[in-house]
Ligand SMILES: Nc1ncnc2c1ncn2[C@@H]1O[C@H](COP(=O)(O)OP(=O)(O)OP(=O)(O)O)[C@@H](O)[C@H]1O
Ligand SMILES: [Mg+2]
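In my numbering, the protein residues as written are 8 to 298.
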């Protein structure tokens, strides 16, 4: 096959591992910076121009699109789809998963467990918002945040009110969420490829930190998922239509609760924690679907 990896940086761990895994399985692989692609739209003749030539005879793409360039990245994936190229993550699924609020709505409808979440931009209702998610302490999240930045634990109702008012005043969109205390500053990530769990890890935040993000100093270890956790991760992935996904869940007294489904999940944490060759699983997924 001729495989394109859409990535802004060929030196990133995930990109390097995918290139390696593809070459090992005798595929030709090209790393393409989606921001440097021209999308040519013309009747029955969709084309992508990249670094002086047209990208032709491509069998499959693996999008690794950063959150800050979702719009342009999606347009490039869509163009490949128009060219009948198989994508490990479809443009539609990428858009769905990138909108945190809409993906929570879709997951809720699909019957996936979630921490109770309230979205409002009406400051006068703050009191009711706080009560709806079980009172203080509660979690407030910027809809545009990543890597744990923009996630706040408000210890009291007053603190929650001030933070909500401040965010609203800045025009930032924010959700309030029930605080799952028993998660103990940890979350679990299930890595899903083609409807199967290919690896799972537990991330524990550093001492005194409720956020488990590795970027915030958390550490990761391999875990065995319960049946319920597996089912939840697969259901969430399916609801969003993702071929490759990282499903983040909290272990709660009510069972697994999904926080988020990531459509460009990093490989470094999961491969290091599990010792598994996840990159190879992704390449095999392409092989099966391009056949
Ligand atoms: N409702 C909650 N109850 C308890 N802990 C939570 C809750 N929401 C988030 N956390 C903790 O905070 C961490 C960061 O939250 P979350 O994953 O929602 O935001 P993010 O990591 O900034 O965003 P993204 O995952 O999109 O990069 C989670 O991994 C989890 O450890
Ligand atoms: Mg997260």
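From the three backbone atoms N, C-alpha and C, an ideal C-beta is built for every residue, glycine too. Just so it is clear, the structure is predicted and the values come from calculations on it, not from any experiment.
Query	Result
Contact check, residue 259 vs residue 185, beta carbons under 7 Å	no
According to DSSP, residues forming a beta bridge with residue 66	Looking at the DSSP assignment, residue 66 forms no beta bridge with any residue, so it has no partner.
Touch test, the stretch 193–205 against the stretch 242–259, Cβ-Cβ under 8 Å, three pairs minimum	yes
Every unbroken beta strand (DSSP E) inside the stretch 17–104 [3 residues or more]	35–39, 44–47, 54–57 and 67–70
Residue 109, buried or exposed, once every other Cβ within 10 Å from all chains shown has been counted against 16	exposed
Residue 288: first and last residue of the uninterrupted alpha helix (DSSP H) it sits in	285–297
Option in 228, 88 and 290 with minimal Cα separation from residue 10	290
Buried versus exposed, by CB contacts within 10 Å (16 or more), residue 71	buried
For residue 116, the first and last residue of its enclosing alpha helix (DSSP H)	107–116
Secondary structure of residue 198, DSSP reduced to three states	strand
Span of the alpha helix (DSSP H), counted from its first residue to its last, around residue 175	164–176
Distance CB(residue 21)-CB(residue 38) smaller than 7 Å	no
Closer than 6 Å: residue 194 CB and nearest ligand 1 heavy atom	yes
Alpha helix (DSSP H) segment containing residue 132, residue limits	Careful: residue 132 lies outside any alpha helix (DSSP H) and carries neither H nor E.
Residues sharing a beta bridge with residue 263, DSSP	258
Whether residue 212 touches residue 225 by CB criterion (7 Å)	yes
Residue 218 Cβ short of 6 Å to ligand 1 heavy atom set	yes
Where residue 104 falls, given that 16 or more other Cβ within 10 Å makes a residue buried	buried
First through last residue of the beta strand (DSSP E) which encompasses residue 209	203–211
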